[in-house]
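Here the sequence shown is numbered in numbering that gives the first Met the number 0, starting from 0 and rising by one per residue. Here is the structure we will look at, set down as structure tokens.
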Amino acid sequence: MEEDKHYKLKMGCKSAMKTGLLCSQWGVLVVLLSLWLPQSLSQQTTSPSPQQKNKLKFRLAGYPRKHNEGRIEVFYNEEWGTFCDDDFSTENAHVLCRHLGFISATGWTHSAKYGKGTGKIWLDNVQCRGSEKSITDCKSQGWGNSDCTHDEDAGVVCKDERLPGFVESNVIEQVEENRVEEMRLRPVVSSAKKRMPITEGIVEVKYKDSWAQICDDGWTPKNSHVICGMFGFPQERKANKNFYKLFAERQQNIYRLHSVACTGNEVHLSVCPLQFYEANATRACEGGMPAVVSCVPGPQFSLGNGQKKKTKSTFRVRLKGGAKTGEGRVEVLKDNEWGTVCDDRWNLLSASVVCRELGFGSAKEALTGARMGQGMGPVHMNEVQCSGQEKSIWNCPYKNVTSEDCQHVEDASVKCNTPYMGYKNSIRLSGGRSRNEGRMEVMTGVDVNGTEQWGLICGEGWGTKEAMVVCRQLGLGFANQGLQETWYWDGSNVTEMVMSGVKCTGNEMSLSYCQHHGSNINCKKTGTRFAAGVICSETASDLILNAPLVQQTVYIEDRPLHMLYCAAEENCLSSSAAKANWPYGHRRLLRFSSQIHNIGRADFRPKAGRHSWLWHECHRHYHSMDIFTHYDILTLNGSKVAEGHKASFCLEDVECQEGIAKRYECANFGEQGITVGCWDLYRHDIDCQWIDITDIKPGNYIFQVVINPNFEVAESDFTNNAMKCNCKYDGHRIWFHNCHIGDAFSEEAEKRFEQYPGQNNKIS
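Structure, rendered in structure tokens:
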């Protein structure tokens with residue numbers, strides 16, 4: 000039935016079990032891929048049983064590493080083992096990376112770069128051409144024949160791009176006949192079918208192009224806990240079985256499973272001990288009934304919530320940098336400061352505790368290697384080892400982190416199961432060149448013939464934040480651009496404007512939760528060419544300022560007016576400078592350095608192409624953005640008393656993390672941008688890298704820097720674009736304290752910051 004697709008949950012065994020469950024003691028990423036072997040191996044000298052020859056498994060292990068690199072290990076003859084680096088080559092790495100689900104290799108390593116493995120060294124002197132479909136098609140000394148030690152373990156570095164159709168989640172082995180891949184929660188009450196999310200119903204599994212039930216004989220709340228987690232709910236509750244029993248007696252039930260015995264920590268039903276009914280089973284589930292589950296939705300998915308009321312957050316954990324609701328880099332609050340979690344021993348059990356704590360279901364994936372971007376600031380936790388029963392990640396055993404233990408390249412992240420809400424059915428994109436772009440259309444209802452009616456959104460005021468919500472709602476990742484004109488995407492016969500004045504914060508799960516004019520459409524340009532549109536992207540940049548460097552480099556300079564003609568020309572001085580007695584006198588400048596990091600997953604590029612960059616003869620450079628940064632001095636009640644700005648005259652990679660190459664350089668009209676893992680540096684001695692404070696009086700202030708203030712360029716997270724410092728000015732000198740990124744502190748600490756009385760030291 001058409002309505003059934005709303006309640007399906009395609010969570011096959013391929014997304015059932017995270018590598019952390021399989022080998023958390025090594026803290027490795029495991030990817031298990033089925034591989035049917037030929038009858039004989041090249042130069043094979045061992046003879047495993049037919050069952051052992053059916054499948055190989057491969058994984059990446061070792062430390063430190065990213066998700067797409069590591070010591071290459073193979074599971075053969077019921078034992079994990081390594082590869083010797085003798086005769087190893089890039090061609091070998093190509094074959095092995097494809098086994099792991101990557102399109103190719105970018106390199107390989109020798110001499111146990113990722114640490115020494117244990118157990119067997121299964122293959123030595125492997126020689127591949129690179130085009131083989133299986134490592135077993137390559138020449139070698141044969142399984143188990145090696146004269147190497149684990150000091151010679153080989154590693155691979157794979158290109159971070161998945162094979163088409165590859166499912167990123169981990170895979171567990173399954174026998175072909177008995178498997179649980181697709182499930183649904185089927186509501187019985189007609190009113191429940193129309194409400195989202197579906198929180199209660201009969202649990203059904205897909206079986207031979209139909210649906211089958213699970214016998215509730217011996218069914219426990221632990222089984223329900225697992226089911227609810229799969230469907231995106233943190234907790235289960237007791238259902239009214241008497242009502243469902245009356246319903247079931249009138250139905251023809253087909254039972255597929257019985258004797259389900261989950262412990263409650265599993266992330267998928269298929270991981271639980273199961274017993275399947277035989278196809279010809281008679282009198283199945285005698286005296287029983289179909290299993291019924293009722294779940295408690297998280298606060299953000301509760302019926303009638305609408306996301307319109309903001310509640311004070313009491314969570315000591317959050318997710319950052321994810322494109323979808325329920326995914327992101329794990330950050331935890333310690334001593335009123337947010338920090339990250341190191342990925343050592345990070346697995347599905349710990350990830351599920353985080354997901355449920357935040358009001359989601361169990362974890363689909365426990366990601367390592369900063370897959371959701373690198374954080375800034377402290378790393379608070381390492382080697383988190385949850386049992387799965389904990390209410391909070393803070394109840395789990397963990398180790399404190401030293402600077403030698405973990406870097407941000409090892410930040411842990413998660414993808415949580417979230418309830419199906421049907422959000423993507425109410426909007427669509429039309430006319431674009433790909434599914435990731437197009438003119439925005441909103442469904443307004445269904446006519447008497449059952450035909451869906453669609454309308455357009457007025458492009459006035461439409462921007463990046465609104466596009467962020469649309470891309471999230473459609474499951475298309477991050478926003479690349481929000482467009483106010485879409486005349487080049489005239490792809491449908493929809494012409495009526497049905498929504499205007501849309502204004503989003505960027506965090507909403509659906510466009511319907513954003514502010515808008517309602518039924519009173521107010522749009523000056525009603526032609527279809529002025530309809531709103533979006534371009535979505537799988538990745539996005541994320542800029543963040545190095546707050547400690549600002550605090551370390553701040554100082555005051557009295558600069559003669561005759562040296563400030565260029566700065567005045569570029570509006571880098573306060574308005575009173577125009578009335579000064581040029582070229583006599585001076586201006587008092589507050590100077591500091593800005594180091595701006597790109598911690599996202601895509602390069603930060605100026606919105607405008609080089610054809611529209613403006614040449615400034617005075618300083619002899621190009622401006623690629625109108626305003627790149629705002630600098631402000633604010634009173635404690637928020638009033639602005641001095642301001643500055645930085646036009647993006649030169650976006651380039653000044654420095655990068657180890658192993659990352661610079662890509663952007665301004666010299667010779669070069670391309671501008673900031674590469675992922677690199678940073679741009681505006682030194683304190685550069686023109687306009689200041690605030691003109693000539694007119695401000697001594698006192699206590701707040702100093703604020705905002706990067707990309709007009710949201711000209713899309714980012715994955717705008718909450719970390721502002722940096723603030725407490726500031727005390729005595730008329731001669733200035734002190735900065737508590738410099739921090741806008742979302743780095745707890746709400747309580749931020750309130751204390753805003754009430755900061757200033758430097759209390761005696762000033763001589």
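Note that CB positions come from ideal geometry on N, CA and C, so glycine has one too.
- Residue pairing by DSSP places E364 opposite K414 in a beta bridge.
- One thing to note: G532 has its Cβ no nearer than 7 Å to the Cβ of L455.
- According to the DSSP secondary-structure assignment, N725 is paired through a beta bridge with I701 and H736.
- Counting of Cβ neighbours within 10 angstroms places N570 among the exposed residues, the total staying below 16.
- Per DSSP, the continuous alpha helix (DSSP H) segment holding R355 begins and ends at L347 to E356.
- Taking all protein chains shown into account, R609 has fewer than 16 neighbouring C-beta atoms within 10 Å of its C-beta and is therefore exposed.
- Per DSSP, the beta bridge partners of P289 are C214.
- At least 7 Å separates the beta-carbon of V383 from that of V400.
- In the structure shown, F752 falls within a helical segment according to DSSP collapsed to helix, strand and coil.
- The Cβ atoms of G297 and P233 sit closer than 7 Å to each other.
- K727 sits close to N699, with the two beta carbons spaced by under 7 Å.
- Put simply, the backbone Cα of V469 is about 36 Å away from that of W614.
- T339 is bridged by DSSP to E330 and V378.
- With contact defined as three or more Cβ pairs closer than 8 Å, the region 192-199 and the region 251-262 are not in contact.
- Put simply, of H736, F82, K323 and A92 the residue whose alpha carbon is nearest the alpha carbon of G474 is K323.
- Counting C-beta atoms within 10 angstroms of its own C-beta, Y75 has 16 or more neighbours from the protein chains shown and is therefore classed as buried.
- In the three-state reduction of the DSSP assignment, H683 falls in the coil class.
- Note on the region 421-489: whole alpha helix (DSSP H) runs with a minimum of 4 residues are 463-472, in chain order.
- Closest in alpha carbon position to E235, among F246, M229 and S223, is S223.
- Going by beta carbons, S491 and S412 fall outside the 7 Å limit.
- In the three-state reduction of the DSSP assignment, S574 falls in the helix class, which pools H, G and I.
- For the 7 Å CB-CB criterion, V497 and V408 do not form a contact.
- Only exposed fits M562, as fewer than 16 other CB atoms lie within 10 angstroms of its CB.
- Cα atoms of R185 and T538: separation of roughly 35 Å, rounded to the nearest angstrom.
- Taking a contact as a CB-CB distance under 8 Å, the pair L650 and Y630 does not count as one, their CB atoms being some 17 Å apart.
- Assigned with DSSP and collapsed to three states, A713 falls in coil, not helix or strand.
- Here R587 is near T693, since their CB atoms are less than 7 Å apart.
- DSSP places V94 inside the alpha helix (DSSP H), whose first and last residues are T89 to H98.
- By the CB criterion at 7 Å, N381 and C354 fall outside the cutoff.
- T313 is classed as exposed because its beta carbon has fewer than 16 other beta carbons within 10 Å across all chains shown.
- DSSP, reduced to helix, strand and coil, places E568 within a helical segment of the structure shown.
- In this structure P582 does not touch L548 by the C-beta definition: roughly 33 Å separates them, more than the 8 Å allowed.
- In this chain, the alpha helix (DSSP H) harbouring A546 covers A546 to T552.
- Per the DSSP secondary-structure output, F101 pairs in a beta bridge with R161.
- Its Cα nearest to that of R70, the residue W107 stands out among R97, E389, W107 and E78.
- Judged by beta-carbon spacing, S139 lies within the 7 Å limit of N124, meaning their Cβ atoms are closer than that value.
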